[in-house]
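See below for the structure under consideration.
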Amino acid sequence: MKPRLVFELLGVPRIHVDGQPLEVDTRKAVAMASYLAVEAHQPTRDELVSLLWPELDAERGRAALRRTLSTLRTSISAVTGDDEVIEANRDRIALDRSELWLDIEEARRLSAIDHSHGSDKVCPECVESLQVAAKLYRGPFMHGFYLRDSFAFEDWQRNQAELHRRNWRDLVDRWALALASGGRFGEAAEVTQRRLDTDPLDEAGHRRLMQYLVWQGDRVGALRQYRECAILLDRELGVPPLPDTRELYEEILEGVEPLPPAGRVELAPVGRPLRRDDAADRTSVGRKEELSLMAVATGHLFFEGEEGIGKSDLIERFLVDLPGPIAVCAPPPGAEEVAYLAITEVLGEAARFNTGDPPAIASEAVRLLPELGGSVFAEPRPADSGPGAAARFHSGVVAALDHLLSGGTLVVEDAQWLDQSSIAVLGLLLSRPTRLRVIMSWRTGELAAPLSALVNKLERAGTGSRFQMTPLSDNESWELLSLRAEPGIPASELESIVDRSGGNPLFLLSYLGAVGSSQAELPAGIEELIGARLNRLSDQALQVLSAAAIIGPEFDLDDARVVSGRGAEEMIPALEELLVQRLVVESHDGITFGHDAVRRAVCRRLSKARTRILHGRAGDRLRLSDSMRAVHLEAAGKAAEAAIAHGEAGLAAIEVHAYESARSHLTSALELGHPAREQLGKSLGLACVRLGDYGAALAAYDTVPEDADIAHRVGEIYMRLGRLELAAASWEQAAALDPDEGLLSRITADRALAAHRRGDRAGAQRLIAEAVGLASSAEDRVARARAAGIAGMIKPEKLEIVEAACALSEETGRNDLIAAALNNLALAQRRAGLIPESIGNARRALAILEPVGDRHQLAALHNNLADTLHQAGDEEGAQTHLAASASLFASVGLEPGGWEPEVWMLSEW
57 MKPRLVFELL
67 GVPRIHVDGQ
77 PLEVDTRKAV
87 AMASYLAVEA
97 HQPTRDELVS
107 LLWPELDAER
117 GRAALRRTLS
127 TLRTSISAVT
137 GDDEVIEANR
147 DRIALDRSEL
157 WLDIEEARRL
167 SAIDHSHGSD
177 KVCPECVESL
187 QVAAKLYRGP
197 FMHGFYLRDS
207 FAFEDWQRNQ
217 AELHRRNWRD
227 LVDRWALALA
237 SGGRFGEAAE
247 VTQRRLDTDP
257 LDEAGHRRLM
267 QYLVWQGDRV
277 GALRQYRECA
287 ILLDRELGVP
297 PLPDTRELYE
307 EILEGVEPLP
317 PAGRVELAPV
327 GRPLRRDDAA
337 DRTSVGRKEE
347 LSLMAVATGH
357 LFFEGEEGIG
367 KSDLIERFLV
377 DLPGPIAVCA
387 PPPGAEEVAY
397 LAITEVLGEA
407 ARFNTGDPPA
417 IASEAVRLLP
427 ELGGSVFAEP
437 RPADSGPGAA
447 ARFHSGVVAA
457 LDHLLSGGTL
467 VVEDAQWLDQ
477 SSIAVLGLLL
487 SRPTRLRVIM
497 SWRTGELAAP
507 LSALVNKLER
517 AGTGSRFQMT
527 PLSDNESWEL
537 LSLRAEPGIP
547 ASELESIVDR
557 SGGNPLFLLS
567 YLGAVGSSQA
577 ELPAGIEELI
587 GARLNRLSDQ
597 ALQVLSAAAI
607 IGPEFDLDDA
617 RVVSGRGAEE
627 MIPALEELLV
637 QRLVVESHDG
647 ITFGHDAVRR
657 AVCRRLSKAR
667 TRILHGRAGD
677 RLRLSDSMRA
687 VHLEAAGKAA
697 EAAIAHGEAG
707 LAAIEVHAYE
717 SARSHLTSAL
727 ELGHPAREQL
737 GKSLGLACVR
747 LGDYGAALAA
757 YDTVPEDADI
767 AHRVGEIYMR
777 LGRLELAAAS
787 WEQAAALDPD
797 EGLLSRITAD
807 RALAAHRRGD
817 RAGAQRLIAE
827 AVGLASSAED
837 RVARARAAGI
847 AGMIKPEKLE
857 IVEAACALSE
867 ETGRNDLIAA
877 ALNNLALAQR
887 RAGLIPESIG
897 NARRALAILE
907 PVGDRHQLAA
917 LHNNLADTLH
927 QAGDEEGAQT
937 HLAASASLFA
947 SVGLEPGGWE
957 PEVWMLSEW
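To convert, note that position 810 of the sequence shown is 866 in my numbering; the numbers rise steadily by one, no gaps.
Right, here's the structure in full:
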């Protein structure tokens, strides 16, 4: 029966219904129909909403989906008279595949015809089906089609395009070899030349063409092809041909080239045992293009792909011959809650490379890793608790890494697990010119927004190269199996592994590792595969592995012994057993899980009671940071001890300006009943203010007994929210709670600002004069700078007053006050028509405030600079800062993410 729906997606997309082109008035309908045709798993409605309308909330997204589905059904039924080809219920939507023809599936079917010789060979009879399959590839997948507002669909389309490019390349290779097996060498050469026209840097294609030419009798042409290949590689990549290519050239030159194929020709030998020197070949399977590009890349390298796709293997292969010092870190799941975990780890690794005299500011790194003090760096200057310390601290850590790894490489794997503080340091490092290279990998779609934006920026600037790791094609999967499979495995089992792995190397090798287990058939999923290996472990090995899983992806053997409770004499045979099973692997760092999926599978198998016991042993008996100790103790159910550890971790995070981590730890400490509720409540309020979460900040301050300081802080929050009356009332209350002279001066200055904004000029003048007098009497530099700054806001036309406020703020050394004064000066200069000066001071204010991390004030600075750049005619710069401002403003308020227009009015403070 002729199919009613025909999808031709290999090239410019063409969709026909009963022989007529599908006509719809929205590109989303074409995108949805194409996705349903390619993805045969019956996607859920939520999956389609996330794919096509990621910017909408769930309710609006579902409504858009219903409208698009209705449009698609109407267009189809207008031709067919019914809409039965679309199957939809409350949860899922699918196409009736019995009514569908898809060029991708047809190409796959034609390619799989094997004439009883197996899919690992071709023969002359394969030519016809392979030729028809090749003609189905009219161009790249959905060529020329795009959606403006859906990055998720764009990623899916790009990954599909790369997968089908690889499959087309493999198909053409099979077609050419089938032609050659029948003695049709000239046609094989023409087909291979077509492949090289689309991928001229494919060295394997050049070798095949050389072989076909010499078998055709054109030895001169084969030798000329080698020269063309060598020139092209030198011009485009700056590298010589591989030894295999050079060896073939020399064989042709000497007249001892391989004999031509005939009859049934094997594509990739299957079944030879694994040799240790196969490791490099394993990594290069399907990744030769990436390796070639990595070899000539000069900037930072970034790798993105799904779990198990081979990012770590590719990086490890690249590092083998890399000169200079190398430090590697791979933060585990849950590391997001532990401030500076990744940065502390790489500092410890990098310390062994110390040579020469470090810059003085590098001593700031000793605050994170005290072991660096004395032998590596000098002791840092006394800690500065003011907000301005953040810039110096982060700059010092970057300087330390630049010194220790000068001329070397910093590798950050699994960057999706980085904590906010490590992200801030890494972002600063990537933004500055340094003497080290960064290699970073992460799971697709899971990189934190700041790092993702920075990677995009570096890629555009040509100082970073991104590699999208896509699944292996079927032929590449067979090639990898040929390197790993033991002899005697039935071909049907190997074909099943290739089909079910989806091109994911980890899944493929996990399926292969389960062959020969006691199970009657291959497990259905990766967890079952790992479970089959776990079931073969001895009790001692399983206990050690369970303890290691609780500790984290990387673990010390002694720590695993302590947590597991096993004796030292039992650890060695247990470890050897785990290494043989490749559940753990040895690295230069020690011992780590072969893949995090193994660790997660082990954790899921543990009972709740056993989990609590192991976490308790880890929290009680290991030397850990407060952050990690808190995590273990809480998981162990030891609430009182966990509360203390969370509190210490939260206060330490405040000191190094890691506010996200501080909020998490302090909230946990209070929920678990920490006794110092007043101290932790104030610190939690401060962290929430910096993050712009004013609702949470007010709630935190509400839990603390009120004094002048708390009332003053509450008033500052109301002023940020544009609620002048509440701010003024809070400050009047603060003034009545017997503050010292310095605090009273700051309260009075803020009251003057509130009066000014209410239009009470006389009241503002009286209060600011009082504030200046109090600050002078108290000899309080911060109070003097604050009073002078607000005096400049009250009389912005007097530039000399604003400039004096800047000078006083510089004396305090507090970056938040310096940035505020510079911002106010920039605004006054803009009003006076001094545009270049205004831009310069605004940029300086932004640079000073960024390490402090006050989201609301940063948003206002970006907005002010955007307005000034607009006046200067720099529309591109204005748009950049306007976008940054909008993003930050949207994250600030009583309920971040809600619409609070008053929040967007902040311009000076």
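For glycine and all other residues, C-beta sits at the position ideal for the given N, C-alpha and C.
Between Glu-469 and Ile-371, the C-beta spacing is below 8 Å. Per DSSP, reduced to three states, the secondary structure at Trp-787 is helical. For Ser-683 against Ala-395, the beta-carbon gap comes to about 7 Å, under 8 Å, which counts as contact. Check the Cα spacing between Ile-382 and each of Ile-586, Gly-464 and Glu-218: the tightest is with Gly-464. In this chain, the beta strand (DSSP E) harbouring Ser-521 covers 520-524. Each residue's CA atom was taken as its position, placing Ala-888 and Leu-855 some 9 Å apart. DSSP, reduced to helix, strand and coil, places Leu-425 outside both helices and strands of the structure shown, so it counts as coil. The way I'd put it, the stretch 427-434 doesn't touch the stretch 502-521; fewer than three beta-carbon pairs between them come closer than 8 Å. Here DSSP, grouped into helix, strand and coil, assigns Ala-386 to coil. Three or more beta-carbon pairs separated by less than 8 Å are not found between the stretch 795-804 and the stretch 938-953, which leaves the two stretches without contact. Under the 10 Å beta carbon count, Tyr-750 is surrounded by 16 or more other beta carbons and is classified as buried. Residue Leu-279 holds the alpha-carbon nearest to the alpha-carbon of Glu-310 among Ser-340, Leu-279, Asp-290 and Leu-151. For the pair Trp-787 and Ala-767, the Cα-to-Cα distance works out to about 7 Å. Distance between Leu-315 and Trp-271, taken at the CA atoms: about 8 Å.
Sequence-distant Cβ neighbours of Leu-151 in its own chain, meaning closer than 8 Å and more than five residues away, are Leu-61, Ala-89, Leu-92, Ala-93, Val-141, Ile-142 and Glu-143.
By a beta-carbon distance limit of 8 Å, Leu-257 does not contact Ala-391. Their separation comes to about 38 Å. Leaving aside the five residues that flank Arg-617 on each side, the residues in its chain whose CB is nearer than 6 Å to its CB run, in chain order, Met-627. According to the DSSP assignment, Phe-358 belongs to the beta strand (DSSP E) that extends over 356-361.
Here Val-295 carries a coil assignment [DSSP, helix/strand/coil]. Its chain contains Gly-748, Arg-911, His-912, Ala-915 and Val-959 as the residues whose beta carbon lies nearer than 7 Å to that of Val-948, once the 5 sequence neighbours on both sides are disregarded; these appear in chain order.
Note that the stretch 231-239 does not touch the stretch 105-114; fewer than 3 beta-carbon pairs, one per stretch, sit closer than 8 Å. Within the same chain, and ignoring the five residues on either side of Leu-288 in sequence, the residues whose Cβ sits closer than 8 Å to its Cβ are Pro-256 and Leu-257.
For the stretch 602-656, the full-length beta strand (DSSP E) segments reaching 3 residues or more read 640-643 and 646-649 along the chain. Comparing C-alpha distances from Gly-238 to each of Ala-260, Glu-184 and Pro-180 shows the shortest one belongs to Pro-180.
Here Ala-150 is bridged, per DSSP, to Glu-143. Tyr-567 is classed as buried because its beta carbon has at least 16 other beta carbons within 10 Å across all chains shown. Within a 10 Å sphere around the beta-carbon of Asp-159 sit 16 or more other beta-carbons, which makes this residue buried. The three-state reading of DSSP puts Ile-545 in coil, since its state is none of H, G, I, E or B. By DSSP's assignment, Gly-949 forms a beta bridge with Asp-749.
Of the candidates Leu-227, Thr-924, Gly-137 and Glu-218, Leu-227 places its Cα closest to the Cα of Gln-187. Its Cα nearest to that of Arg-668, the residue His-688 stands out among Ser-348, His-688 and Pro-629.
Take Ala-87, set aside five residues on each side of it, and the residues of its chain with a beta-carbon closer than 7 Å to its own are Leu-108, Leu-203 and Phe-209, in chain order. Around Thr-100, the same chain offers Asp-147 and Arg-148 as residues with beta carbons nearer than 6 Å, after the five sequence neighbours per side are excluded. Beta-carbon to beta-carbon, Val-295 and Ala-351 are separated by about 6 Å, close enough to satisfy the 8 Å threshold. Comparing C-alpha distances from Val-467 to each of Glu-853, Arg-165 and Asp-369 shows the shortest one belongs to Asp-369.
For Ile-850, no pairing in a beta bridge is given by DSSP.
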